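Okay, so here's the structure we're looking at.
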Amino acid sequence: MDWTQILDILNAITPAERRQWRVATAGVAATVAILLWLESRVFGRRGRAGSWLAVRIASLIAAPLTFAVLVLPAQAVSGMEGLAVFYLSLFTAAPLLWFGCHIVCGSLVSPGFSRNESIALGFSGLAILAVPLTAYFAAQNPLHAAARQIGLRRELPPDNPPLPYRVEPVTPYTMPGAGLIYTQSLRAEPGIRLQRVEQRLGGYWPAYDVEHPNYCTQGNDVHLMWSAQEPPPYLRLSWLQSDARTATTEFTPDMASADKSTPQFFSANFREAGLDPVAPIPRVRMHLILLQEGLQDYTEMLGNPPEAGEQRTTDCVAAGFERWRHSDGRRIRAAGIAFYLPSGGLPLRGLLVPGDSQPTQ
Numbered sequence: 070m071d072w073t074q075i076l077d078i079l080n081a082i083t084p085a086e087r088r089q090w091r092v093a094t095a096g097v098a099a100t101v102a103i104l105l106w107l108e109s110r111v112f113g114r115r116g117r118a119g120s121w122l123a124v125r126i127a128s129l130i131a132a133p134l135t136f137a138v139l140v141l142p143a144q145a146v147s148g149m150e151g152l153a154v155f156y157l158s159l160f161t162a163a164p165l166l167w168f169g170c171h172i173v174c175g176s177l178v179s180p181g182f183s184r185n186e187s188i189a190l191g192f193s194g195l196a197i198l199a200v201p202l203t204a205y206f207a208a209q210n211p212l213h214a215a216a217r218q219i220g221l222r223r224e225l226p227p228d229n230p231p232l233p234y235r236v237e238p239v240t241p242y243t244m245p246g247a248g249l250i251y252t253q254s255l256r257a258e259p260g261i262r263l264q265r266v267e268q269r270l271g272g273y274w275p276a277y278d279v280e281h282p283n284y285c286t287q288g289n290d291v292h293l294m295w296s297a298q299e300p301p302p303y304l305r306l307s308w309l310q311s312d313a314r315t316a317t318t319e320f321t322p323d324m325a326s327a328d329k330s331t332p333q334f335f336s337a338n339f340r341e342a343g344l345d346p347v348a349p350i351p352r353v354r355m356h357l358i359l360l361q362e363g364l365q366d367y368t369e370m371l372g373n374p375p376e377a378g379e380q381r382t383t384d385c386v387a388a389g390f391e392r393w394r395h396s397d398g399r400r401i402r403a404a405g406i407a408f409y410l411p412s413g414g415l416p417l418r419g420l421l422v423p424g425d426s427q428p429t430q
């Protein structure tokens, strides 16, 4: 769990829980301060408090450098080789840098430290660093538990900024193969420049770009689609304001009105070059089954990366969609839409075929 996710979790928990984390953090900081004070007293009695302080300042500089020597080369190599590089650095470059820094600094200060004293300061520095590191790893399980609790909540924060979007009602549909699904569109007000959309998954905001089958963007608009067997998506939208500052707000669909509506039949108008679904579909959910005389059916995954020369302006399949290679002689026989369930297992597979329509119930 990275620091951004930790801060997101701490911001989302209740004030009482946040106070408990502050007390625990203060306890760790106090422990480190007491250890440093005791160590300074030992060297102060010998008249070398100033030299000790200089070495400890050098420790603060050496610590991130040693961490970088451990982590960066290992991250540059993939697979098991990366683990081998990590262990190689752990027993060679990292100790040479850490203890070498203490030995050099200990010999430069006045009064100076012997080689053995400098090495001892290196070991005691590692012991002091072990306190916050141990606390960090001990906090992982409680943080993951807090994230799971946050993921179960559907309430928006009380200080959530207003969303500068026209929020259209949640619309229920029935889709062959997938059953009951829902869609919703967020239409940006004039002048809004959408910068980023994130989806909270299990209480976590992703620390990197991931596939997002529950929503897609078209210009500055955001379109949602999810199955009744999936929880409604919980999103965080960031946009650029007129004063060039970035604003962020959270959003989740209000299902109260959707549960009272009669589901419509989800259909699409098929054309030679593409199709027009009744509501935008996230591209990553979708694949096309293509037919050409004398050849086997061909499946085109719309979620694949763009082909050479292909320009995509949206990750939605919406009205007016055309295949990139629509002049290859193939025509669309059907379109498949996958819905990935939180319980795992096989996804629901919706199917749209030309001429398949049903009147509204």
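At position 180 of the sequence shown the residue is numbered 249 (my numbering), and the sequence of numbers has no breaks. For glycine and all other residues, C-beta sits at the position ideal for the given N, C-alpha and C. Because the structure is a prediction, the values reported are computed rather than measured.
In this structure, the straight-line span from the alpha carbon of A407 to that of G246 is close to 9 Å. Closest in C-alpha terms to T321, from the list E267, E362, Q333, comes E267.
Within the stretch 98-148, the runs of alpha helix (DSSP H) at least 4 residues long that lie entirely inside it are, in chain order, 118-144. Sequence-distant partners of I75 (beyond 5 residues in either direction) whose C-beta falls short of 7 Å from its own C-beta, in its chain, are L212.
DSSP assignment within the stretch 151-239 yields the following whole alpha helix (DSSP H) runs of 4 residues or more, N-terminal first: 162-177, 184-207, 209-221. As the crow flies, the alpha-carbon of R125 is around 43 Å from that of A313. If you draw a straight line from the Cα of R87 to the Cα of Q218, it comes to about 14 Å. For the pair of segments examined, the stretch 170-186 was found not to touch the stretch 236-245: the number of CB pairs separated by less than 8 Å stays below three. Contact annotation: Y273 and R223 have beta-carbon atoms that are not nearer than 9 Å. Annotation for N283: no alpha helix (DSSP H) segment contains it, and DSSP assigns it neither H nor E.
Contact between I197 and L104 holds, with the beta-carbon distance rounding to 5 Å and staying under 8 Å. V386 is bridged by DSSP to I350.
The C-alpha of S120 is placed about 10 Å away from the C-alpha of S176. In this structure V347 is in contact with A337, their Cβ atoms being roughly 7 Å apart against a cut-off of 8 Å. Taking P332 as reference, the option from G398, M244, M355, Q361 with the minimal CA-CA separation is M244. Per DSSP, the beta bridge partners of S307 are R265, T317. The beta carbons of Y234 and L255 sit about 4 Å from each other, so the pair counts as a contact at 8 Å.
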